[in-house]
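One structure below.
2 protein chains.
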Amino acid sequence: MDRRKSILEAAERSFSMFGYKASTVDQIAKIANVGKGTIYTFFANKEELFSEIITNLVKETKLAASKAIKEDRPFYENLHYALYEVIEFRKTHQLAVKLSQEVKEMNTSPVTDALQRIEKAVLNFVQKELDIAVEKGEIKECPTDIVAFMMVKLYLALIFDWERDNPAIQKEKMLEVLEMFVMDGLRKS
Amino acid sequence: MDRRKSILEAAERSFSMFGYKASTVDQIAKIANVGKGTIYTFFANKEELFSEIITNLVKETKLAASKAIKEDRPFYENLHYALYEVIEFRKTHQLAVKLSQEVKEMNTSPVTDALQRIEKAVLNFVQKELDIAVEKGEIKECPTDIVAFMMVKLYLALIFDWERDNPAIQKEKMLEVLEMFVMDGLRKS
DNA sequence: GAAATGACCGAATGACCAAAATAGTCATAA
DNA sequence: TTATGACTATTTTGGTCATTCGGTCATTTC
Numbered sequence: 001m002d003r004r005k006s007i008l009e010a011a012e013r014s015f016s017m018f019g020y021k022a023s024t025v026d027q028i029a030k031i032a033n034v035g036k037g038t039i040y041t042f043f044a045n046k047e048e049l050f051s052e053i054i055t056n057l058v059k060e061t062k063l064a065a066s067k068a069i070k071e072d073r074p075f076y077e078n079l080h081y082a083l084y085e086v087i088e089f090r091k092t093h094q095l096a097v098k099l100s101q102e103v104k105e106m107n108t109s110p111v112t113d114a115l116q117r118i119e120k121a122v123l124n125f126v127q128k129e130l131d132i133a134v135e136k137g138e139i140k141e142c143p144t145d146i147v148a149f150m151m152v153k154l155y156l157a158l159i160f161d162w163e164r165d166n167p168a169i170q171k172e173k174m175l176e177v178l179e180m181f182v183m184d185g186l187r188k189s
Numbered sequence: 190m191d192r193r194k195s196i197l198e199a200a201e202r203s204f205s206m207f208g209y210k211a212s213t214v215d216q217i218a219k220i221a222n223v224g225k226g227t228i229y230t231f232f233a234n235k236e237e238l239f240s241e242i243i244t245n246l247v248k249e250t251k252l253a254a255s256k257a258i259k260e261d262r263p264f265y266e267n268l269h270y271a272l273y274e275v276i277e278f279r280k281t282h283q284l285a286v287k288l289s290q291e292v293k294e295m296n297t298s299p300v301t302d303a304l305q306r307i308e309k310a311v312l313n314f315v316q317k318e319l320d321i322a323v324e325k326g327e328i329k330e331c332p333t334d335i336v337a338f339m340m341v342k343l344y345l346a347l348i349f350d351w352e353r354d355n356p357a358i359q360k361e362k363m364l365e366v367l368e369m370f371v372m373d374g375l376r377k378s
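Keeping their order, the protein sequence lines are chains A and B. The first sequence begins at 1 in my numbering and counts up by one. The second sequence begins at 190 in my numbering and counts up by one.
Put into structure tokens, the structure is as follows:
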């Protein structure tokens, strides 16, 4: 068994369950069935181990979203499926959820950085897709940086904040309203 | 000079400058040129004083927005003017900025509550306006609770989060994009 | 007599330090 | 050469005590 890999897996599980701060290197070593020193032969320190996990998470999420995007489908369908993929991904990999909780209640600085990196990546991805869609003439000309920002913020708010004090809505319903709002706005056609 | 009023003004200034926790009752009394005991003849405790300030601010902001809304104007114009009115309402903004900063870095619980109250009030206001507009047939049918939520979150994100790691943009430009997004969406017409 | 006040009180806070836990190292073992 | 856990250095925690602050009330002011 690849030691490096089992360390990464153990760490991801631990971070997902207990958060960054509450995960000790000793514990991660135990889970990985590896001596503590071994971890330091592969990673400079706890923060770098964490950082690599985040990098992988971003990569995998991007991949999941990319898989949902087909050249020949209209923009909003791609958007719809990609968002769906990302939501599913978040659900199965609880890491991002746990981390945003940790940031909220104790402002752990490496975790704040990590979440910012994730958001940046998502923003980048969305903006690129928007650029392509504008290029293809599928959507109107617009400042794609601002629009990407708005879309991501909307998405995050709906996923994380809506259920705080509103009755839960179906994922499908949510995507549908989001799509209506994003694509056509409120004006009566 | 009305003592109650000067206490409220002093407290508002202090909360805006130093936040809730860092504002001491002694200090507020000093600023108001009033004995500390006097504050307690008007307000049961620090939290109620704070609460009344928030209530007033919400009321004033609502009033400002209402002034911009005219029955006989189309929805998007009302939206436009109301947004401008609110964004120019400095008093509310400054306090809101300071308070959200405080919540972020020390989770002061009365402050969290206050911000939630403000958001609730805004949400309510927006939803009511949306309901009216739907009723009048000015905008399409939609789940106004979710749409109100989306509009408010968008506004807050643009105002408070955009400049965190993006080049500042003109207020006008920002509101223009927001309006486009909300009214017409991205679809090419 | 009613309203205002600031000295006073108990609770909450935070500075400080010792003790415990944890990150990171390295001599030894496999 | 690679892996390891006992060891060290650093950080966090738990407990203390002095200080601060919210809130009261006997006294003063008008």
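Just so you know, even glycine gets a beta-carbon here, dropped at the ideal spot from N, CA and C.
At a cut-off of 8 Å, the C-beta of A:D131 has no neighbouring C-beta in chain B. Using a Cβ distance threshold of 8 Å, A:M183 and A:Y84 do not count as a contacting pair. Interface criterion met: the Cβ of A:V182 is under 8 Å from a Cβ in chain B.
B:E291 places its beta carbon less than 8 Å from that of B:K210.
Per DSSP, reduced to three states, the secondary structure at B:R376 is strand. Under the three-state reduction of DSSP, A:I53 is assigned to helix. For B:K342, the closest Cβ of chain A is nearer than 8 Å. For B:G208, no alpha helix (DSSP H) run applies, since DSSP gives it neither H nor E.
Against chain A, the beta carbon of B:F349 has no neighbour under 8 Å; the closest one sits roughly 10 Å away.
Against chain B, the beta carbon of A:K188 has neighbours under 8 Å at G326, E327, I328 and K329, listed in chain order.
Close to B:E294, with beta-carbon spacing below 8 Å, are these residues of chain A in chain order: N107.
For A:M17, there are no C-beta contacts with chain B under 7 Å, since the nearest C-beta of that chain is about 23 Å from it. Not a single CB atom of chain A sits nearer than 8 Å to the CB of B:P299.
Counting C-beta atoms within 10 angstroms of its own C-beta, B:E201 has 16 or more neighbours from the protein chains shown and is therefore classed as buried.
Interface criterion not met: the Cβ of A:I54 is under 8 Å from no Cβ in chain B.
B:I358 carries a coil assignment under DSSP once its states are collapsed to helix, strand and coil.
B:I307 sits in a helix when the DSSP states are folded into three classes. In the three-state reduction of the DSSP assignment, B:I328 falls in the strand class, which pools E and B. Within the same chain, Y265, L268, H269 and L272 come within 8 Å of B:E368 by CB-CB distance, once the 5 residues on both sides are set aside. Contact of B:V366 with chain A by beta-carbon distance below 8 Å involves C142, P143, I146, V147 and M150.
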